[in-house]
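Trainee: Have a look at this one.
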Amino acid sequence: MLPIFSIIKRAGRAAIEGILIAGAAGSLGIGAAYSADEGADCPPSACVEIGAWQFALGVGVGVRSNPLNDGDAIPLVLLPQVRYYGERFFLENLEAGWTISEGRNLMVNALVTPSYDGVFFNRWDPGNVFVDVFANTDSVASEGGQAPTDDVDAQTEVRASELSKRRFSYLGGLEFSYDLQHGMIQALFLSEITGRHSGKEIRFAYQHPLTPRVSATLGFTWKDKKLTDYYYGIDRDEVGDDRAEYRPSASFNPFIRLSARSPGAGKGWRLGLEWQRLDTEITRSPIVDDDDVITVFLGRQIVF
Numbered sequence: 021m022l023p024i025f026s027i028i029k030r031a032g033r034a035a036i037e038g039i040l041i042a043g044a045a046g047s048l049g050i051g052a053a054y055s056a057d058e059g060a061d062c063p064p065s066a067c068v069e070i071g072a073w074q075f076a077l078g079v080g081v082g083v084r085s086n087p088l089n090d091g092d093a094i095p096l097v098l099l100p101q102v103r104y105y106g107e108r109f110f111l112e113n114l115e116a117g118w119t120i121s122e123g124r125n126l127m128v129n130a131l132v133t134p135s136y137d138g139v140f141f142n143r144w145d146p147g148n149v150f151v152d153v154f155a156n157t158d159s160v161a162s163e164g165g166q167a168p169t170d171d172v173d174a175q176t177e178v179r180a181s182e183l184s185k186r187r188f189s190y191l192g193g194l195e196f197s198y199d200l201q202h203g204m205i206q207a208l209f210l211s212e213i214t215g216r217h218s219g220k221e222i223r224f225a226y227q228h229p230l231t232p233r234v235s236a237t238l239g240f241t242w243k244d245k246k247l248t249d250y251y252y253g254i255d256r257d258e259v260g261d262d263r264a265e266y267r268p269s270a271s272f273n274p275f276i277r278l279s280a281r282s283p284g285a286g287k288g289w290r291l292g293l294e295w296q297r298l299d300t301e302i303t304r305s306p307i308v309d310d311d312d313v314i315t316v317f318l319g320r321q322i323v324f
C-alpha cells in the first residue's frame, strides 16, 4: 500500500488466481482497512473502515473465456462484493483470513481461498459470481503425464458434461505480501482442505505501477498433480468407449494482468485485462480445447 493513504492496517492482499481474476483462476481487488479519522484520503471502493462491513456491486460489461470443449464463455455483468476487515480477521468475497504478522513491509496471513478451476465446469460456481475486477492501480491485485498428441482429433475429444462432476473446493495456507518501493510481491502456499482432491497450489504475483492510474501484474499459478488431475484428468471408468484415460502431472500457468482506472476518488471507470497461458499438462487433456484463458471487464463499482 502506498504511504500517502495513511493506512494503519494494510490489507495488501488479494487472490492472485482468480481473475481478474484467476483466472481460472479469484479476486483482483485490494481492500484496505483504515481508522475512521484517517480514511479521508482513501477512496471508498478501495478501503474499508476497520470493524465495518462493505457491500458493493460491480456493474459493467465483460467476459471470461472458457477453455473446455463444451465450455461457453462466462459473462461478467453484475458482480457482488462483500468485505470486512477487523484488527486481525478479514473477509473479502469468497476469501477469509487472519493476519499473523504485520511489519513495515512484510505481512503474513493465514488464508482460505477457493480453487478457481471449478469456474469452467459450472456456470454458477461461486467463483463466477464473486469476481473482484476492481484492482487498485497502486497495489497488487486482489497448469508430464500420459497424454495424447498436441492435436487431439475429434475421436478423442471428451466433453466435460460426460464426466463426473468437478466440484467447488477450498484451499488453505499462508499468504506473504511484501511492499517494494515500486510495487508489491505476493506469494501464497496452499493445500486443499475440503476433501475433494488433497492437492496443493502455489500462487505468485509481482505488481508494478506503470502510472498513477495504470498497473501491470506478472505472475503464475503452480498446481500439483492431484489438483491438476482432479479437474483436467479423466478416469478410465468415466469414458465408456475406447478413448484413453488421461493422467496429467503438475502444471505451471503464467499470467499477465493490466488494470487501469479513470480519474476520480474510487467512482470512475475501471478496466481489467488478463491473459493466462495454460500448461500443456492441461491443454493436452481431451476435455480442453484452448491453451489460454482471457478475461476482460470494463465497469464501475457501486458501494452501498
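Position one of the sequence shown corresponds to residue 21 (our numbering), numbered consecutively onward.
From the three backbone atoms N, C-alpha and C, an ideal C-beta is built for every residue, glycine too.
Could you give the first and the last residue of the continuous alpha helix (DSSP H) run that contains I302?
Mentor: T300 to T303
Trainee: Determine, using beta carbons only, whether L293 and D199 come nearer to each other than 9 Å.
Mentor: In this structure, L293 lies away from D199, with their beta-carbon atoms at least 9 Å apart.
Trainee: Per DSSP, which residues does N273 bridge with? Please list them.
Mentor: T241
Trainee: Can you give the beta carbon distance from W295 to F275, rounded, assuming they're within the 8 Å contact cut?
Mentor: 6 Å
Trainee: Based on the DSSP output, what are the partners of A280 in its beta bridges?
Mentor: Its beta-bridge partners are V234 and L291.
Trainee: Let me check understanding here. Comparing Cα to Cα, which of L238, E112 and V83 lies closest to A207?
Mentor: The residue with the shortest Cα to Cα distance from A207 is L238.
Trainee: At which residue ranges does the stretch 88 to 151 contain complete beta strand (DSSP E) runs of 3 or more residues, listed in the order of the chain?
Mentor: 94 to 105, 109 to 112, 115 to 122 and 126 to 134
Trainee: Going straight from the alpha carbon of R304 to that of R84, what length do you get?
Mentor: 21 Å
Trainee: Express the C-alpha separation of S282 and V132 in angstroms, rounding to a whole number.
Mentor: 32 Å
Trainee: Between Y226, P100, R187 and Y105, which lies nearest to F141 when the distance is taken from Cα to Cα?
Mentor: If you compare the alpha carbons of Y226, P100, R187 and Y105 with that of F141, the shortest gap goes to R187.
Trainee: Throw me the rounded Cβ distance for the L230 and I213 pair, which I believe falls under 8 Å.
Mentor: At roughly 37 Å, the Cβ-Cβ gap does not stay under 8 Å, so L230 and I213 are not in contact.
Trainee: Do the stretch 245 to 257 and the stretch 302 to 320 make contact, defined as three or more Cβ pairs closer than 8 Å?
Mentor: Output reads yes: the stretch 302 to 320 touches the stretch 245 to 257.
Trainee: Quick one: what's got a C-beta closer than 8 Å to A93's C-beta in the same chain, skipping five residues either side?
Mentor: V83, R84, S85 and N86
Trainee: With a Cβ-Cβ cutoff of 9 Å, do A225 and W242 count as a contact?
Mentor: no
Trainee: Should F110 be labelled buried (16 or more other beta-carbon atoms within 10 Å of its own) or exposed?
Mentor: buried
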